[in-house]
């Protein structure tokens, strides 16, 4: 079962080494710099970029067709499952870990020519209690367990849907453009909370503007005002669907455990999946360009959200309403 595209999984870890000095003090030396987390805000220096690329490696896995061989290419459903079985879940990874899954030929940096005009949808999830801290309440432990399972399931589903080109539903008029426009996805595990981002190129959306916009606008009879941002918003909506699906599963599992009934589980799943307007809690989302447009006038607003700038847009709690 071949995928439309071939993918690579990259691994990066930002870590710090403690260096003891003669006066018994300690100095912290950062041994790796992540440019992906600062893309769109500060231009990375060449030596930082080189260091990042040196510490970001493509991962290899047993080849599903020949277990005696290794491969770094994921081009089929079977190979994807081989990788997912081996990879650790987000909550099992040390803080500072990044998994970067990108289409073959695209480097997981915004300096890559394919990514330079692009941006990313970022979703940040609330942090769990530090495992080294003793929890005194059962509810807090259950809450952390639910948060951990939530991120694990969301990441797993995103990987499966993105690689198989099923992230964007067939009902979306712009599915082909959005499927082509996605460069990759990134999981970042941090102390402040895990985050997942979906990178898009904005190159395929330029094709949409040139060749299809007028045609689609006539079909819709100008009922909606089409812009490239509205088109790529379909990526965000697809991620929301995954989050709602996972939240429904977790809610149903909890109710099934409390009520000892599978009927409750099935009812909750059915009702929640049919409710597209269900609010999402515990997620902060925003869209950001990797680089600011050169013709943008400098502003004192560091968030660049003034003047109705649709390229850098923030939303709160995943509800889809502007701040």
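Residue numbers (my numbering): 1 to 323.
Glycine included, every Cβ here is placed at the ideal spot set by N, Cα and C.
Between the C-alpha atoms of residue i and residue j, what's the straight-line distance to the nearest angstrom?
i	j	result
residue 327	residue 190	Examination of residue 327 is not possible in this model, given that the chain is present from 1 through 323 alone.
residue 358	residue 70	Nothing can be reported for residue 358: it is not among the residues displayed for the chain, which extend from 1 to 323.
residue 169	residue 60	30 Å
residue 55	residue 105	18 Å
residue 108	residue 186	9 Å
residue 292	residue 110	12 Å
residue 87	residue 172	31 Å
residue 67	residue 250	35 Å
residue 9	residue 119	20 Å
residue 177	residue 79	25 Å
residue 233	residue 167	13 Å
residue 126	residue 149	13 Å
residue 194	residue 13	14 Å
residue 279	residue 124	16 Å
Closest to residue i by C-alpha separation, out of the options, would be which residue?
i	options	result
residue 64	82, 56, 72	82
residue 6	201, 198, 57, 101	101
residue 4	179, 205, 120	179
residue 153	121, 236, 113, 196	196
residue 236	252, 147, 121	121
residue 174	127, 238, 103	238
residue 203	194, 229, 193, 188	229
residue 103	74, 125, 14	74
residue 184	62, 11, 163	163
residue 72	11, 94, 246, 200	11
residue 113	231, 247, 284, 201	201
Using the beta-carbon count (16 or more within 10 Å), is residue i buried or exposed?
i	result
residue 181	buried
residue 281	exposed
residue 2	exposed
residue 115	buried
residue 207	exposed
residue 147	buried
residue 85	exposed
residue 90	buried
residue 205	buried
residue 289	buried
residue 248	buried
*On the three-pair Cβ rule with 8 Å, is the region 240–254 touching the region 147–161?*
yes
*Unbroken stretches of the beta strand (DSSP E), 3 residues or longer, contained in the region 87–165*: 97–103, 119–125
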